[in-house]
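Student:
There are 2 protein chains.
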Amino acid sequence: MSGPDGLPPAEFHARRDRAQAAMRQEGLAAMLLTTEADLRYFTGFLTRFWESPTRPWFLVLPAAGDPVAVIPSIGAHLMGRTWISDIRTWRSPNYTDDGIGLLAATLAELVPAGERIGTPSGQETQLRMPLDSWAALQARLPRHRFTGDAGILRRLRMVKSPAEVERIRAACAVAGRAFARVPEVVHRGLPLSEVFRRFQVLCLEEGADFVPYLAGAAAPGGYGDVISPADDRPLAAGDALMLDTGLIRQGYFCDFDRNFSVGPAAPEVRDAHARLIEATRAGFDAARPGATAADLYRAMDRVLTGGAGGGDAGRLGHGLGLQLTEPPSLIPADDTVLEPGMVLTLEPGIDLAPGRIMVHEENIVVGTQGAAWLSPPASPGIVELP
Amino acid sequence: MSGPDGLPPAEFHARRDRAQAAMRQEGLAAMLLTTEADLRYFTGFLTRFWESPTRPWFLVLPAAGDPVAVIPSIGAHLMGRTWISDIRTWRSPNYTDDGIGLLAATLAELVPAGERIGTPSGQETQLRMPLDSWAALQARLPRHRFTGDAGILRRLRMVKSPAEVERIRAACAVAGRAFARVPEVVHRGLPLSEVFRRFQVLCLEEGADFVPYLAGAAAPGGYGDVISPADDRPLAAGDALMLDTGLIRQGYFCDFDRNFSVGPAAPEVRDAHARLIEATRAGFDAARPGATAADLYRAMDRVLTGGAGGGDAGRLGHGLGLQLTEPPSLIPADDTVLEPGMVLTLEPGIDLAPGRIMVHEENIVVGTQGAAWLSPPASPGIVELP
């Protein structure tokens, strides 16, 4: 018996147990979770409905026992298909009380007065509920203490289970097949906006469930940034084209890119691409248990700048999984120690000239002996399009 | 000269002016905005990069003068293509100070001590930054007062400009063409997951930039809910199939659905579909300036239940635009008075039996004399697939 995301209850029992062990260490009587990724992590509640910002959704994980879902009634049927048995609903939107009374009663029932309720509050977290509701909740429970989660969610979610790694691997394989087919459908003269559409079609044909993220750019000898939407400019000979996708397969993301040259590549583009691949491989070689996120940054930066650092992106890679980007960050300040099961992007960038950059990205998983590729690693030679 | 979203500066000047007029009325010296939709509303900063939750982004709109962007350096190039000229950046992620120092300095410069800084805090809003950063920001500015935005963003964004209406109309037209082609590619025996993929391909072929939202279901004589992901069950004769999409064209959403019958429709499915269309038309007829959101609810509910109300969805329609769902809500408690330029979904649902529902949805815009369809309105007869 598995829920809407297809993972078995044992997967969620293990996540619950790891969380509760950490909560005991940190002295948390419960955790209150509000985001798509955190709720799905403990329940398997898979839906695109989070695209609607209207309704808040809550999950309470007590220090002992199973999580309790406190959710809008529109989600009752789907949550009923997960392993969660205690599902409390209200009809949302409700302008008088949009779930806060029900949530406060649930917390009061599960958490003794005076105890601590933890909510993710550090770097990369968000509270997905209105600020007014957050204030109202705390006012309703004056004898409880609302605190951060001591980084528990960050630490838990950074290390993927074998089932999670397999899903990310499957998403990467879909994108790898789609990238391999780009030369079939992309050529000089095609507007970038049409390149984006055709690439998304390739992703779907190869098995993506959704393509929430696609960025890219095309410009002579390097592009201006890596987050812009597509415009209607036709591809021209000499353009460096980059496509970076975060597609979803069974609820898990891949996140990697490919560079192409429209027609023969200029020498500096060819050289930059080869250097990016070299940097990626240096990051791959450094990715062993016991190394830190900062070590991977330094290994790649040595190839890119000789160790000078820099770059507007602010980092050379990151975690991924339920979300397109997750902790850790490959930056000098991140001393996260790598463990088997961590999934990372390696994402080196090069400044070719003012306003002209190139970025390459691959996805890897840390194993007991070293890293393994999840994305099919690109060759040093940049692919040339007709 | 237009920015990455293609809208001219005059569009943003008008939005700024309307906001500042409201701020003066409410006594706000500045607004602090953190979400994708709110930032884009005032800047035209269009990117899928918000899919990455890692970095916070800030926009400060003072009571006079132009907005100031306080953003990660990875966004500097793209923000530089908008009409915003005052762009302040930091290299993010930064574990010591992820933009809070820069944001506090900006607010201190623009807002006199003792004055109020408003942030959206009511129903349907979220603060997109870590709670710890939010606390740190307030601690750095002890002489400023952080308050809600008095609903200003809600009121402003509910009324669309002609340019916004045209974009939503264009998105609706794309989805309309895609729905019309469903009988070409969907048939009995096709797994629902493959139906989802093929429908997304149709949307892209017809001009969608992205298809962030697709939900749906297929089951004999009505489905269980409207937010579930696809499973691999093949379509069977007698299934009622519903596909509900929020696709994006030039940064604006449509949000409507279509129902199909796999093979000949059972009489109760046919009747339910005709009733849903009748309810939609009742909502359409009621959508005139001066009517309230609650009036539209009642007009549809009268057809659906004779006025008894109910339904797990919690409402019978909502606003849309920059986001898949926006205020108002078509519920008895929403007394929002309709104005020309408001774009709404009409989304009646029927309970056929326990666990079997059908939902229909169209998109309309309120004009000076009454409503106009943005989606091509469906006929009472349900479309039958081979």
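Residue numbers (numbering that gives the first Met the number 0), protein chains in the order written: chain A, 0 to 385; chain B, 0 to 385.
Note that the Cβ used here is the ideal one computed from N, Cα and C, for glycine as well.
Anyone know if the C-beta pair for Pro92/A and Arg54/A falls short of 8 Å?
Tutor: On the first sequence, position 93 is the one that residue 92/A refers to. On the first sequence, position 55 is the one that residue 54/A refers to. Cβ distance < 8 Å, so Pro92/A and Arg54/A count as in contact.
Student: Span of the alpha helix (DSSP H) holding Val194/A?
Tutor: Locating residue 194/A in the first sequence gives position 195, counting from the first residue. From DSSP, the alpha helix (DSSP H) with Val194/A extends over 191 to 204.
Student: What is the DSSP secondary structure of Leu77/B, reduced to helix, strand or coil?
Tutor: Taking the second sequence and counting its residues from 1, one reaches residue 77/B at position 78. Here Leu77/B sits in helix by DSSP.
Student: 8 Å is my cut-off, CB to CB: does Thr344/A come that close to chain B?
Tutor: For this step, residue 344/A is matched to residue 345 along the first sequence. Output row for Thr344/A: interface = no.
Student: From the DSSP output, in three-state form, read off Ile70/B for me.
Tutor: By one-based count along the second sequence, residue 70/B stands at place 71. Three-state DSSP puts Ile70/B in a strand.
Student: Going along the chain, which residues of the stretch 28 to 54 of chain B sit with their C-beta nearer than 7 Å to a C-beta in chain A?
Tutor: Residues passing the 7 Å Cβ filter: Leu45, Thr46, Arg47, Phe48, Glu50, Ser51, Pro52, Thr53.
Student: What residues in the stretch 223 to 241 of chain B have a beta carbon less than 7 Å from any beta carbon of chain A?
Tutor: Those would be Gly223, Asp224, Ile226, Ser227, Pro228, in chain order.
Student: Report yes if the CB atom of Thr279/B is closer than 8 Å to the CB atom of Glu361/B, and no otherwise.
Tutor: Counting from 1 along the second sequence, the entry for residue 279/B is found at position 280. Counting from 1 along the second sequence, the entry for residue 361/B is found at position 362. For Thr279/B and Glu361/B, yes; Cβs fall inside 8 Å.
Student: Which of the three DSSP states, helix, strand or coil, is assigned to His12/A?
Tutor: What you label residue 12/A is simply residue 13 of the first sequence in a count that begins at 1. Helix at His12/A.
Student: Counting only beta-carbon atoms, is Tyr212/A nearer than 8 Å to chain B?
Tutor: By 1-based counting over the first sequence, the position of residue 212/A is 213. Yes, its Cβ sits closer than 8 Å to a Cβ of chain B.
Student: Determine the DSSP secondary structure at Phe44/B, reduced to helix, strand or coil.
Tutor: Here the question's residue 44/B lines up with position 45 in the second sequence. Phe44/B: coil per DSSP, three-state reduction.
Student: Rounded to whole angstroms, what is the Cα-Cα separation between Ala371/B and Arg301/B?
Tutor: The residue given as residue 371/B occupies position 372 in the second sequence. The residue given as residue 301/B occupies position 302 in the second sequence. Near 21 Å, if we compare the C-alpha coordinates of Arg301/B and Ala371/B.
Student: Any beta carbon from chain A within less than 8 Å of Ala312/B's own beta carbon?
Tutor: In the second sequence, residue 312/B corresponds to position 313, counting from 1. It does; some Cβ of chain A falls within 8 Å.
Student: Gly117/A bridges to which residues according to DSSP?
Tutor: Walking along the first sequence from the start, residue 117/A turns up at place 118. Answer is Met30/A, Thr146/A.
Student: Of all Cβ atoms in chain A, is any one closer than 8 Å to the Cβ of Leu77/B?
Tutor: The residue labelled residue 77/B in the question sits at position 78 within the second sequence. So yes, Leu77/B belongs to the interface.
Student: Determine the contact status of Leu246/A and Phe259/A, defining contact as a CB-CB distance below 8 Å.
Tutor: For the purposes of this step, residue 246/A is identified with residue 247 of the first sequence, where counting begins at 1. For the purposes of this step, residue 259/A is identified with residue 260 of the first sequence, where counting begins at 1. No, the Cβ-Cβ distance between Leu246/A and Phe259/A is not below 8 Å.
Student: Can you tell me which residues form a DSSP beta bridge with Ile151/B?
Tutor: Position 152 of the second sequence, counted from the start, is the residue given in the question as residue 151/B. Answer is none; Ile151/B lacks a bridge partner.
Student: Is the stretch 132 to 145 of chain A touching the stretch 204 to 214 of chain A in the sense that three or more CB pairs, one from each, lie closer than 8 Å?
Tutor: No, they do not touch.
Student: Give the straight-line distance between the Cα atoms of Val69/A and Val184/B, rounded to the nearest whole angstrom.
Tutor: As a first step, residue 69/A is located in the first sequence; it is residue number 70 there, counting from the start. As a first step, residue 184/B is located in the second sequence; it is residue number 185 there, counting from the start. Rounded to whole angstroms, Val69/A to Val184/B spans 39 Å at the Cα level.
Student: Cα-Cα, which of Leu77/B, Gln24/B, Leu38/B is closest to Phe11/B?
Tutor: On the second sequence, residue 11/B is found 12 positions in, with the first residue counted as 1. Cα-wise, what sits closest to Phe11/B is Leu38/B.
Student: Since Leu203/B meets chain A, which of its residues come closer than 7 Å, beta carbon to beta carbon?
Tutor: Here residue 203/B refers to the residue found at position 204 of the second sequence. Within 7 Å Cβ-Cβ: Arg196, Gln199, Val200.
Student: Does the beta carbon of Glu123/A come closer than 8 Å to any beta carbon on chain B?
Tutor: Numbered from its first residue, the first sequence carries residue 123/A at position 124. Cβ-Cβ to chain B under 8 Å: yes for Glu123/A.
Student: What's the gap between the Cα of Pro379/B and the Cα of Phe255/B?
Tutor: Translated into the one-based positions of the second sequence, residue 379/B becomes position 380. Translated into the one-based positions of the second sequence, residue 255/B becomes position 256. Using only the alpha carbons, I get a separation of about 16 Å.
Student: Please list, in chain order, the chain A residues whose beta carbon lies closer than 7 Å to that of Gln322/B.
Tutor: For this step, residue 322/B is matched to residue 323 along the second sequence. The answer, in chain order, is Pro52.
Student: Under three-state DSSP, which class holds Gly175/B?
Tutor: Your numbering for residue 175/B matches position 176 in the second sequence. Helix at Gly175/B.
Student: Between Asp4/B and Leu45/B, is the Cβ-Cβ spacing less than 8 Å?
Tutor: Here residue 4/B refers to the residue found at position 5 of the second sequence. Here residue 45/B refers to the residue found at position 46 of the second sequence. Cβ atoms of Asp4/B and Leu45/B: closer than 8 Å.
Student: Residues of chain A with CB closer than 8 Å to the CB of Ala332/B, please, in chain order.
Tutor: The residue labelled residue 332/B in the question sits at position 333 within the second sequence. Chain A residues near Ala332/B: Asn93, Tyr94, Thr95.
Student: For His272/B and chain A, any beta-carbon pair shorter than 8 Å?
Tutor: Translated into the one-based positions of the second sequence, residue 272/B becomes position 273. Output row for His272/B: interface = no.
Student: If you measure beta-carbon to beta-carbon, which residues of the stretch 258 to 289 of chain B are closer than 7 Å to chain A?
Tutor: Cβ contacts with chain A: none found.
Student: Using a beta-carbon distance below 8 Å, is Ile73/B in contact with chain A?
Tutor: Indexing the second sequence from 1 puts residue 73/B at position 74. Output row for Ile73/B: interface = yes.
Student: Check whether chain A comes within 8 Å of Met157/B, counting only Cβ atoms and requiring the distance to be less than that.
Tutor: As a position in the second sequence, residue 157/B is number 158, starting the count at 1. So, not an interface residue.
Student: Indicate the three-state DSSP secondary structure (helix, strand or coil) for Leu140/A in the structure shown.
Tutor: Along the first sequence, read from residue 1 onward, the residue named residue 140/A stands at position 141. It is coil, neither helix nor strand.
Student: Along the chain, where does the alpha helix (DSSP H) containing Ala229/B start, and where does it finish?
Tutor: As a first step, residue 229/B must be located in the second sequence, where it is residue number 230. It is not in any alpha helix (DSSP H) - Ala229/B carries neither H nor E in the DSSP assignment.
Student: With H, G and I counted as helix, E and B as strand and the rest as coil, what does DSSP make of Leu61/A?
Tutor: Within the first sequence, numbered from 1, the residue matching residue 61/A stands at position 62. The question names Leu, yet the displayed sequence has Pro at residue 61/A. Strand at Pro61/A.
Student: Enumerate in chain order the residues of its own chain whose CB-to-CB distance from Gly221/A is below 6 Å, with the five nearest sequence positions on each side excluded.
Tutor: Locating residue 221/A in the first sequence gives position 222, where the first residue counts as 1. Hits under 6 Å: Ala239, Leu351, Arg355, Ile356, Met357.
Student: Evaluate Gly113/A with the Cβ neighbour count: other Cβ atoms within 10 Å of its Cβ, from every protein chain shown; 16 or more gives buried, anything less gives exposed.
Tutor: Translated into positions along the first sequence, residue 113/A becomes position 114. Burial call: exposed.
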